[in-house]
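Enquirer: Quick one: the structure is below, questions incoming.
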Ligand SMILES: [Cu+2]
């Protein structure tokens with residue numbers, strides 16, 4: 066091997082070893098703590114307050130829930146009720162949003178117009194319909210103007226609706242892990258605001274490069290959530306493919322093998338991983354560039370996967386999962402929305418306007434199935450998200466997309482457009498809610514709009 070080839074091959078490993086060795090001892094991977102529903106109800110108090118937490122082995126003063134950088138994973142069954150008391154011990158307003166849940170946006174349910182003042186408390190009651198899609202969702206604050214800061218501090222956790230693999234007897238009992246991706250910027254022992262991606266620590270469940278152990282041939286379900294505020298995560302696992310089961314909490318019609326998973330801010334991927342031969346492999350996020358008006362940041366090793374021990378016979382993975390209705394052909398109306406921003410990036414718009422909670426931007430009748438064209442007229446990426454429902458992506462920059470299932474986050478290319486079909490058919494979503502860019506710094510700078518679904 067010539068020297069140049071040797072250097073090229075050695076580079077990625079050297080980079081990862083530096084970042085891994087620059088900090089404390091390697092940690093064993095741990096799942097977040099769990100709070101599960103009992104007898105149809107999940108009850109919990111979440112206190113938002115400043116606390117010194119461990120972020121990848123470093124102490125940092127951060128605004129967090131219940132004193133932890135990674136708050137508990139909430140596990141519920143379809144039909145359960147979530148009863149949450151949110152106590153605000155911060156100096157800013159906050160509130161609570163259950164991202165991806167198709168639940169009521171009214172009253173003290175998943176209502177982002179409700180703000181909890183400093184020193185105040187709010188009781189939330191969120192009824193998960195019996196027909197709710199099983200999968201990985203998440204919770205985070207959604208008080209306009211504070212969302213980015215609070216999520217960057219660590220206020221985000223997982224919410225799982227049980228039953229994703231129940232219809233598949235061979236798969237339903239595979240071991241599972243929750244991997245929450247968060248990025249922190251720490252200065253003088255505090256979480257500090259810096260440019261997006263600048264000097265950032267990227268963690269899994271708050272740990273820096275933890276070690277996950279599998280046996281050769283073992284199959285696991287990994288529920289991966291990008292629960293940070295603004296970064297993209299293009300994920301790969303050396304020597305492995307991911308077998309994609311669900312996107313954003315929505316099971317796909319077939320198991321999709323992927324070398325890379327791209328998780329924009331707010332996105333989730335639930336994948337089967339089948340361990341290769343004994344050895345050590347890295348779960349990596351590649352560097353990313355969000356465009357000429359955006360940000361450019363390096364990649365990182367997120368976790369080390371150690372495959373060791375007695376080999377297991379790999380489970381034969383199915384090709385098809387369960388049918389998912391294709392919404393093409395059912396469209397009742399069309400509209401276009403436009404993402405744009407000021408040259409300096411300080412103010413961002415949907416359809417030329419910044420967010421006004423008192424204004425209703427879009428009105429839809431319950432039962433509509435709409436095709437939305439989402440156009441990005443700016444020089445950086447945005448990712449579109451709508452509350453209370455989901456959508457089918459049909460086109461990206463004019464290229465038809467193969468139908469595999471639904472999602473609730475879609476990346477919108479720089480000076481490009483995507484087409485999605487959004488069902489407004491579930492009566493539980495009647496009311497007023499929002500759609501926005503899920504880079505939360507963009508949302509806080511105005512890139513959010515309101516929608517009302519009427520009976
Ligand atoms: Cu954006």
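Numbering (this note's numbering), first residue to last: 66 to 520.
Ideal placement from N, C-alpha and C gives every residue a C-beta, glycine not left out.
These numbers were taken from a predicted model, which means no experiment stands behind them.
1. Excluding the 5 residues preceding and the 5 following residue 342 in the sequence, name in chain order all residues of the same chain whose CB lies nearer than 6 Å to its CB.
2. Where the beta carbon is closer than 6 Å to any heavy atom of ligand 1, which residues qualify, in chain order?
3. When DSSP builds the beta bridges, which residues end up paired with residue 289?
4. Is the separation between the beta-carbon of residue 516 and that of residue 421 shorter than 9 Å?
5. Tell me, please, which residues DSSP counts as bridged to residue 323.
6. Would you kindly work out how many angstroms separate the C-alpha atoms of residue 150 and residue 136, rounded to a whole number?
7. Looking at the secondary structure, which residues open and close the beta strand (DSSP E) in which residue 50 lies?
8. Quick check: residue 331 and residue 503, are their CB atoms within less than 9 Å of each other?
9. Tell me which residues share the same chain as residue 138 and place their Cβ nearer than 8 Å to its Cβ, disregarding the 5 neighbours each side in the sequence.
10. Out of curiosity, what's the CA-to-CA distance linking residue 105 and residue 145?
11. Would you mind listing the alpha helix (DSSP H) stretches within the segment 449-480 that are 4+ residues and don't spill past its ends, in chain order?
12. Give the secondary structure of residue 231 by DSSP, where H, G and I count as helix, E and B as strand, and everything else as coil.
13. Who pairs with residue 153 in a beta bridge, going by DSSP?
14. Terminal residues of the continuous alpha helix (DSSP H) containing residue 371?
15. What's the C-alpha gap between residue 372 and residue 114?
16. Pairs of beta-carbons, one from the segment 188-196 and one from the segment 266-276, closer than 8 Å: are there three or more?
17. Buried or exposed, going by whether 16 or more other CB atoms sit within 10 Å of the CB of residue 409?
18. Please go through the same chain and pick out, in chain order, the residues whose beta-carbon is closer than 8 Å to the beta-carbon of residue 162, but skip the five residues on each side of it.
19. With a threshold of 6 Å on Cβ separation, who are the neighbours of residue 192 within its own chain once the five nearest residues in sequence on each side are excluded?
20. What are the boundary residues of the alpha helix (DSSP H) that includes residue 212?
21. Under a three-way DSSP split, which group does residue 269 fall into?
22. Relative to the C-alpha of residue 492, which residue among 432, 513 and 363 is closest?
23. Short of 7 Å in beta carbon distance, which residues of its chain neighbour residue 170, apart from the five on each side in sequence? Order them along the chain.
24. Residues bridged to residue 139 by DSSP?
25. Should residue 159 go down as buried or exposed, given a rule of 16 or more other Cβ atoms within 10 Å for buried?
26. Return the CA-CA distance between residue 301 and residue 184, expressed in angstroms with no decimal places.
27. Would the segment 435-444 count as touching the segment 281-295 if we require 3 or more Cβ pairs under 8 Å?
28. Answer yes or no: does any C-beta atom of chain D fall closer than 9 Å to that of residue 414?
29. In the DSSP assignment, find the beta strand (DSSP E) that holds residue 484 and state where it starts and stops.
30. Taking the straight line between their C-alpha atoms, what separation do you get for residue 387 and residue 231?
31. Between which two residues does the beta strand (DSSP E) carrying residue 302 extend?
32. Does the Cβ of residue 524 have 16 or more other Cβ atoms within 10 Å, making it buried, or fewer, making it exposed?
33. Can you find at least 3 beta carbon pairs, one from the segment 467-485 and one from the segment 325-340, that sit closer than 8 Å?
Expert: Looking at the atomic coordinates:
1. Excluding residues within five positions, the ones whose Cβ falls inside 6 Å are 281.
2. Output, sorted by chain position: 447, 502, 504, 507 and 512.
3. 244 and 334
4. no
5. Residue 323 is bridged to 307.
6. 14 Å
7. Nothing in the structure corresponds to residue 50, since the chain is present only between 66 and 520.
8. yes
9. 96, 97, 98, 99, 100, 222, 223, 224, 225 and 243
10. 5 Å
11. none
12. coil
13. 113
14. Where residue 371 is concerned, there is no enclosing alpha helix (DSSP H), although the beta strand (DSSP E) it sits in stretches over 365-372.
15. 39 Å
16. They do not touch, by the three-pair rule.
17. exposed
18. 175, 177, 204, 205, 206, 207 and 452
19. 146
20. 212-218
21. strand
22. Measuring from the Cα of residue 492, the nearest candidate turns out to be 432.
23. 176, 452, 453, 494, 496, 497 and 498
24. Residue pairing from DSSP places residue 139 in a beta bridge opposite 100 and 224.
25. buried
26. 43 Å
27. no
28. This model lacks chain D altogether, as it is built from one protein chain only.
29. 482-489
30. 11 Å
31. 298-302
32. No statement about residue 524 is possible, as the shown extent of the chain runs from 66 to 520 and does not include it.
33. yes
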